[in-house]
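Per the working numbering: the sequence shown = residues 1303 to 1406.
Heads up: the structure comes next, in structure tokens.
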Amino acid sequence: MCISFNETAKALHLYNTKIMETNPQYYGLPARIQLEVLAENRLGIRKVIKSRIIQKDAAKIVSIASQLKSVTPGVEVTLICSKNICSKSIGLLEKENIKIKYVD
């Protein structure tokens, strides 16, 4: 069995890449918070709900993101949500360098 150079390089990269923890309790967060690994050094907070995300929800998301950053410095945080989000919430999240990824 012969392994190509690309497959070997991918395997080494995966071996050397630090796998991010998605268990919210690792970060001292409640178990109901859903976390996803989006890329290397990038975590997503999944909040797909039927109701609109208001500024009060955005403030909670900012505190969750700061907790993630305190445990894992340098991590980028993205909110994964539906398009039901108010403009003030978007402004607050952008001010705190939290990206937004929309899902249907």
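Each residue gets a CB set at the ideal place from its N, CA and C atoms; glycine is no exception.
Values in this document were obtained by computation on a predicted structure and should not be read as measured data.
| Check | Outcome |
| --- | --- |
| Please state whether the Cβ-Cβ distance between Ile1392 and Arg1354 is less than 8 Å. | no |
| State the CB to CB distance for the pair Ile1347 and Ile1356, rounded to an integer number of angstroms; the pair is presumed to be in contact (CB under 8 Å). | Not confirmed; about 16 Å, so no contact. |
| Considering only DSSP beta bridges, list what Cys1383 is partnered with. | Lys1349, Tyr1404 |
| Is Tyr1329 buried or exposed, if buried means 16 or more other CB atoms sit within 10 Å of its CB? | buried |
| Taking only three categories from DSSP, how would you classify Gly1393? | helix |
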